[in-house]
Each structure stands twice: as C-alpha cells, then as structure tokens.
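S.K.:
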Amino acid sequence: MELKIHGTGKSKIIGDDSIFGMKPNEDIVHQAVLAELSNRHQGTHASKSRGMVRGGGRKPFRQKGRGVARAGTIRSPLWKGGGVVFGPMPHSYKKSINRKMRQLARKSVLSSKASEGAIFVVDEFTFDNPKTSQFNQLVKDLKLTGKRITVLPAIVDENLFLSVRNLKNITLIKVDHASTYDLIDNDILLFDKAGIMLLNEQLKN
Numbered sequence: 010m011e012l013k014i015h016g017t018g019k020s021k022i023i024g025d026d027s028i029f030g031m032k033p034n035e036d037i038v039h040q041a042v043l044a045e046l047s048n049r050h051q052g053t054h055a056s057k058s059r060g061m062v063r064g065g066g067r068k069p070f071r072q073k074g075r076g077v078a079r080a081g082t083i084r085s086p087l088w089k090g091g092g093v094v095f096g097p098m099p100h101s102y103k104k105s106i107n108r109k110m111r112q113l114a115r116k117s118v119l120s121s122k123a124s125e126g127a128i129f130v131v132d133e134f135t136f137d138n139p140k141t142s143q144f145n146q147l148v149k150d151l152k153l154t155g156k157r158i159t160v161l162p163a164i165v166d167e168n169l170f171l172s173v174r175n176l177k178n179i180t181l182i183k184v185d186h187a188s189t190y191d192l193i194d195n196d197i198l199l200f201d202k203a204g205i206m207l208l209n210e211q212l213k214n
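The number in my numbering is simply the position in the sequence shown, starting from 1, with 9 added.
Structural data, given as structure tokens:
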C-alpha cells in the first residue's frame, strides 16, 4: 500500500500490505485492548471485613429484655462503622496475550485506519524551537484541526515534546512504544517517515 508523505510534493512510501492492507480482525483487537486496559489496573483497592475492623469484641448489650434485635458485635456489617460484606480486596487484573495476537491486533488497527484515510505521514518533525504554534500550523496545513491526533515519531526530541504537551487533542508516543489501544484511541495517526518505516519493519517480523 502506498502512503503519501505530506508536504513533499508527490513523495510516497510503500507500506507492507500485510500491515496496512489486511482484513481487520475485530475479535483480536478487542482481546488485545481488553488485556492492555486490564493490565493498567493496580489492583490495590481494599476494604475491611468485620474481622478486620478494630474493636467489637464485647457484646454491645444483653441478649434479651431490651425489645430490640440481638447483636453480638458493634462491627457487624449492619452497623455504622462495621465491616463491609464482599467488598473489594487486592488482586491482580493481569491478562496475558501472546506476541502473535498482539502483532495481529496492531496490524488490524493500522489496516482499518489506512482504509479510512486516517493515517498521515510527514517527512519529519523538525522544530528549531519548542513552539506550540509551529505544531498547530502543521495540523492546520494537514486540515486536521479539531481532530484527536496520536503523533508517532521514531524519536521524541525535546522540541517536539514541548511543542505538543499543552495541546489537549494531541497524544505523543514513540512509535515502537505504541500499544493497540494507543493506535485505536484517536481520529488520526500522524507519523514521520522514519516512524512509519520503523513500524513497517517491526510488524513485518
């Protein structure tokens, strides 16, 4: 598949058809995204059961003669300040997905984006100074104003990082660190030439 390099006349780069021209597998994409989002959970949430709450060892009042329901502890889940029934406990949310499935999921997303015309490639991200206005001008020239854009360069230099960090619709990720979720959670994927070549090489293997 040919991908146009914007801002360089008629220059194009050849994207591997097995990456940018395959039939997307939505089931694999779903599994990959689910695993990635699950693995972001810390799993440290916790609550205290009645056995963990401090106090409550003494029976609060006698069993009979008061005309109220019997009680054995002030830490019963029925009482204010008591324990929690079936509350959250620390546990792992880890989900595993093998490398072949991860690669297939990323290829599926890239093929889907390519068919929608949502992949843009520029020659390079060169900014002499860290200026947000320079990146805004690039977005304007590409007619992408208002779009949610994930920028995927081969190398993230300081000027590029500082130029995009205050833009709410822009996400900057080094191309070889991008997950399936990173590729799908946007309107537009914006690569530099080196980035698209690196991704092409990475996913071919």
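Ideal Cβ placement from N, Cα and C applies to all residues, glycine included. Since the structure is predicted, the reported quantities are computational estimates derived from the model, not experimental observations.
1. Compare the beta carbon distance of Arg115 and Leu176 with 8 Å and say whether it is the shorter of the two.
2. Please report whether the beta-carbon of Leu147 lies at a distance below 8 Å from any beta-carbon of chain C.
3. Give me the DSSP bridge partner(s) of His15.
4. Counting along the chain, where does the beta strand (DSSP E) carrying Phe200 start and finish?
5. Based on the DSSP secondary-structure assignment, which residues constitute the bridge partners of Thr159?
6. Return the Cβ separation of Arg84 and Gly92 in integer angstroms, given the expectation that the two are a contact with Cβ distance under 8 Å.
7. Tell me the residue span of the alpha helix (DSSP H) that contains Lys57.
8. For Ile23, which of helix, strand or coil comes out of DSSP?
9. Buried or exposed: where does Thr189 fall if 16 or more other Cβ atoms within 10 Å of its Cβ makes it buried?
10. Would DSSP call Ser101 helix, strand or coil?
11. What span of residues does the alpha helix (DSSP H) with Val42 cover, start to end?
12. Check whether the region 22-38 touches the region 61-74, taking contact to mean three or more Cβ pairs, one atom from each stretch, closer than 8 Å.
13. How big is the Cα-Cα spacing for Ile205 and Asp132?
M.R.: With the structure as the only source:
1. no
2. In the structure shown, chain C cannot be found, because there is only a single protein chain.
3. Val131
4. Ile197 to Asp201
5. Thr180 and Leu198
6. 6 Å
7. Careful: Lys57 lies outside any alpha helix (DSSP H) and carries neither H nor E.
8. strand
9. buried
10. coil
11. Glu35 to Ser47
12. no
13. 10 Å
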